[in-house]
Amino acid sequence: MKPEPRPGPSTIYLYELAWILPSIAIPVGMLVALTVTAFGAGIHLPGVGGRINPQAVAQTPPFNETGVVQTAPGRYEVRMTAQIWAFAPNEIRVPAGSRIRFRATSKDVVHGLYIPGADLNVMLLPGQIADAEARFDTPGEYAVICHEYCGIAHHTMAGKIIVEPRP
Ligand code: CUA
1 MKPEPRPGPS TIYLYELAWI LPSIAIPVGM LVALTVTAFG AGIHLPGVGG RINPQAVAQT
61 PPFNETGVVQ TAPGRYEVRM TAQIWAFAPN EIRVPAGSRI RFRATSKDVV HGLYIPGADL
121 NVMLLPGQIA DAEARFDTPG EYAVICHEYC GIAHHTMAGK IIVEPRP
C-alpha cells in the first residue's frame, strides 16, 4: 500500500491560518458588539439607585407614594414596592411609545421584577433601590412577574402593564 502524501508546508500554513483568523476575529467581533450595545443602543446592567431602610419603605420618599408619574412627554417613572406577595402598584397604564423608569425596592424578602417582552429583569433586594428603564412601543398587556422565590404564594405575585395604543 502506498502511503498518503504528506501535506506540504503551504497546506500546513493554510490550516494554521484557518484557526488563527477566527480566534482573532471572534474576540474582536465580541468587543465591537459590546461597544455598540453599550454606547450605541444604551443597553447596560440595571443600576443601584441608592439604599433604603427596608423597615421604613412606606415612610421614605419616593415610596411613600407608589404609582406612576409622568416626568416628560413620553417618559414615566414608576415608584414600586414589592412585598409578600404583591407589587404596588400592580397595574400600570401608559401610552405606546413610552419609556418607563422603574424605581423599585422590597419591603421584606428578595423579590424579582421581570417583564417578558420588555428588556427588564432586576432583583428587588430589601435595603436597595433598583433603578432600571424599559421602552414600551407595542400596545398590549405586559405581565410583571416576581421571578425570585419569595415564599408559599410566590407564584401568585404578579402585576400588569397596559400599553394603550396612541389615539
Ligand atoms: Cu415575590 Cu416571588
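Okay, so the sequence shown: first residue is 1 according to my numbering, each after it adds one. Even glycine gets a Cβ: it sits at the ideal position worked out from N, Cα and C. None of these values were measured; they are calculated from a predicted model.
Spatial distance of residue i from residue j (CA atoms)
i    : j    : result
V36  : E91  : 34 Å
L120 : I12  : 49 Å
E77  : G29  : 36 Å
E141 : I100 : 15 Å
F39  : E133 : 15 Å
T66  : R103 : 10 Å
P116 : A143 : 7 Å
G62  : M80  : Reading off the sequence, residue 62 comes out as Pro, not Gly. Each residue's alpha carbon lies about 9 Å from the other.
First and last residue of the uninterrupted alpha helix (DSSP H) at residue i
i   : result
P95 : Here P95 belongs to no alpha helix (DSSP H); instead the beta strand (DSSP E) covers E91 to P95.
DSSP three-state assignment for residue i, whether helix, strand or coil
i    : result
G29  : helix
G67  : strand
Y149 : coil
T138 : coil
G49  : strand
T11  : helix
Near the ligand CUA: residue i beta-carbon under 6 Å from a heavy atom
i    : result
M157 : yes
E148 : yes
H154 : yes
Enclosing beta strand (DSSP E) for residue i [first to last residue]
i    : result
L124 : L120 to L124
H155 : Run containing H155: none; DSSP gives neither H nor E here.
F87  : A86 to A88
Three or more beta-carbon pairs under 8 Å between the stretch 68-77 and the stretch 48-57, yes or no?
As far as the Cβ criterion goes, the stretch 68-77 does not touch the stretch 48-57, which means the pair count is below three.
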